[in-house]
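Novice: In this note's numbering, the protein residues as written are 126 to 423.
Every residue, glycine too, gets a C-beta built ideally from N, C-alpha and C.
The structure follows.
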């Protein structure tokens, strides 16, 4: 079985099991604020703001053009009791160029079990003048302190672009990137050692490149209905698909709750940070070298 088919099988199992009633492990005690009874898909209108900064190349963290920094935001709201939607945005500087985008989620969720929904996104990489579209399915499954979150589907570059490679003897070299679409996936397996600490490991396949994802998040300051957390994330993948970031998240909710409850009753993950790599990964994965002869001076 191919790697992609294995991933699709894992996602299918996650989506299917999320429709069944989940049972907590016998040793797990839910948070005191975690009412085991029926809950709304989204516990009122809430928001999330994030600022991050770091490096995007293990060999070049000290070089300014390899820095990555920016912000992301999300707004989540209920649709009745069982459904909800979320809108995401990102604006970032990645290796000296601007990346921006937006995404939308529409989903059914039981905070005691998991969620199933649809996902769509669009992002633009100014360096390559590339606009990328994504559409897919989203799912999550909750089991005590553990969680599986995932999206998978189809992504496509909106245009053709050239990437300069440099000069050779009498030639100017470019990479020609044709318009193309492909499968993509992102998923995380998370554990909450305490109600206010989250550790995740996962996988990213964007722009035709694989990478491992590792992250951690912890509560810094509980403000009642709102909260501030600190986080660190890393990506280690094929070729120079590598990065590490740190930052803070601000949660804006309607009730006082723990971090694990916010993740299951309020917002969904904002997956857009990996859009900083998508277009560049496509160039590495599928571009064709093109050589132009430099006219000789008479």
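1. Apart from the five residues just before and just after residue 389, which ones in its own chain have a Cβ nearer than 7 Å to its Cβ?
2. Is the separation between the beta-carbon of residue 358 and that of residue 340 shorter than 8 Å?
3. Under a Cβ-count criterion, where at least 16 other Cβ atoms within 10 Å of its own Cβ denotes burial, should residue 396 be classed as buried or exposed?
4. Could you check where the beta strand (DSSP E) with residue 240 kicks off and where it finishes?
5. Count the other CB atoms within 10 Å of the CB of residue 317; is the residue buried (16 or more) or exposed (fewer)?
6. Should residue 346 go down as buried or exposed, given a rule of 16 or more other Cβ atoms within 10 Å for buried?
7. Look up residue 336 in the DSSP assignment and give the residues it is bridged to.
8. Along the chain, where does the alpha helix (DSSP H) that runs through residue 390 open and close?
9. With a threshold of 6 Å on Cβ separation, who are the neighbours of residue 251 within its own chain once the five nearest residues in sequence on each side are excluded?
10. At which residues does the beta strand (DSSP E) containing residue 233 begin and terminate?
11. Grab me the residues of residue 279's own chain with a C-beta within less than 8 Å of its C-beta, minus the 5 sequence neighbours each way, in chain order.
12. Between the C-alpha atoms of residue 366 and residue 174, what's the straight-line distance to the nearest angstrom?
13. Could you please give the first and the last residue of the uninterrupted beta strand (DSSP E) stretch that includes residue 381?
14. Which same chain residues, not among the five before or five after residue 403, have their C-beta less than 6 Å away from its C-beta?
15. Within the continuous beta strand (DSSP E) that includes residue 273, where are the two ends?
16. Please state the DSSP three-state secondary structure of residue 321.
17. Which term fits residue 271, buried or exposed, when burial requires 16 or more other beta carbons within 10 angstroms of its beta carbon?
18. Given a cut-off of 8 Å on the beta-carbon distance, is the pair residue 195 and residue 228 in contact?
19. Quick check on the burial criterion: 16 or more other C-beta atoms within 10 angstroms. Buried or exposed for residue 143?
20. Less than 8 Å separating the beta-carbons of residue 378 and residue 356?
21. Between the C-alpha atoms of residue 192 and residue 209, what's the straight-line distance to the nearest angstrom?
22. Since residue 351 and residue 376 are thought to touch, with beta carbons under 8 Å apart, how far apart are those beta carbons, to the nearest angstrom?
23. State the DSSP-derived secondary structure class of residue 347, mapped to helix, strand or coil.
24. Below 6 Å CB to CB, which residues in the same chain sit around residue 323 once its five sequence neighbours on both sides are set aside?
25. Any idea what DSSP makes of residue 145, helix, strand or coil?
26. Do residue 348 and residue 312 have their C-beta atoms within less than 8 Å of each other?
27. I think residue 219 touches residue 263, with their Cβ atoms under 8 Å apart; what is that distance to the nearest whole Å?
28. So which of 198, 368, 177 has the shortest CA-CA distance to residue 392?
29. According to DSSP, is residue 400 part of a helix, a strand, or is it coil?
30. Below 6 Å CB to CB, which residues in the same chain sit around residue 178 once its five sequence neighbours on both sides are set aside?
31. How big is the Cα-Cα spacing for residue 244 and residue 215?
32. Let's test the definition: count the other Cβ atoms within 10 Å of the Cβ of residue 361 and tell me whether it reaches 16, buried, or not, exposed.
Specialist: Judging by the given coordinates:
1. Cβ within range, chain order: 236, 267.
2. Going by C-beta atoms, residue 358 is nearer than 8 Å to residue 340.
3. Counting other Cβ atoms within 10 Å of its Cβ, residue 396 reaches 16 or more and is therefore classed as buried.
4. 239 to 250 is the extent of the beta strand (DSSP E) around residue 240.
5. Buried is the label assigned to residue 317, since at least 16 other Cβ atoms lie within 10 Å of its Cβ.
6. Answer is exposed; the Cβ neighbour count stays below 16.
7. For residue 336, which the question treats as bridged, DSSP gives the partners 329, 362.
8. Where residue 390 is concerned, the enclosing alpha helix (DSSP H) starts and stops at 384 to 390.
9. If we look at residue 251 and ignore the five residues flanking it on each side, its Cβ neighbours are 222, 223.
10. Bounds of the beta strand (DSSP E) holding residue 233 are 222 to 235.
11. Hits under 8 Å: 259, 260, 261, 306, 307, 308, 309.
12. Cα-Cα distance, rounded: 25 Å.
13. Taken as a continuous stretch (DSSP letters only), residue 381 belongs to no beta strand (DSSP E), as it is neither H nor E.
14. Same-chain partners within the cutoff: 257, 331, 332.
15. For residue 273, the enclosing beta strand (DSSP E) stretches over residues 271 to 282.
16. Of the three classes helix, strand and coil, the one that applies to residue 321 here is coil, per DSSP.
17. Looking at its Cβ environment, which holds fewer than 16 other Cβ atoms inside 10 Å, residue 271 is exposed.
18. Result no, Cβ atoms of residue 195 and residue 228 do not sit closer than 8 Å.
19. Model confidence at residue 143 stands at a pLDDT of 46, short of 50, so the residue's coordinates are unreliable; what they give is reported in the following sentence. So residue 143 ends up on the buried side.
20. Contact annotation: residue 378 and residue 356 have beta-carbon atoms that are not nearer than 8 Å.
21. In this structure, the alpha-carbon of residue 192 lies about 35 Å from that of residue 209.
22. Going by Cβ atoms, the distance from residue 351 to residue 376 rounds to 6 Å, so yes, they are a contact pair.
23. Reduced to three states, the DSSP call for residue 347 is strand.
24. So the list reads 315, 317, 342, once near-sequence residues are dropped.
25. The predicted model places residue 145 with a pLDDT of 46, which falls under 50 and marks its position as unreliable; any figure quoted below should be read in that light. DSSP places residue 145 in coil when its eight states are reduced to three.
26. Taking 8 Å as the Cβ cut-off, residue 348 and residue 312 do not qualify as a contacting pair.
27. That pair is no contact at about 24 Å.
28. Minimum Cα distance to residue 392 is reached at 198.
29. Residue 400 falls in the helix class under three-state DSSP.
30. Counting only residues of its own chain and dropping the five nearest sequence neighbours on each side, residue 178 has a CB closer than 6 Å to the CB of 194.
31. The alpha-carbon atoms of residue 244 and residue 215 are separated by roughly 16 Å.
32. With fewer than 16 Cβ atoms within 10 Å of its Cβ, residue 361 is classed as exposed.
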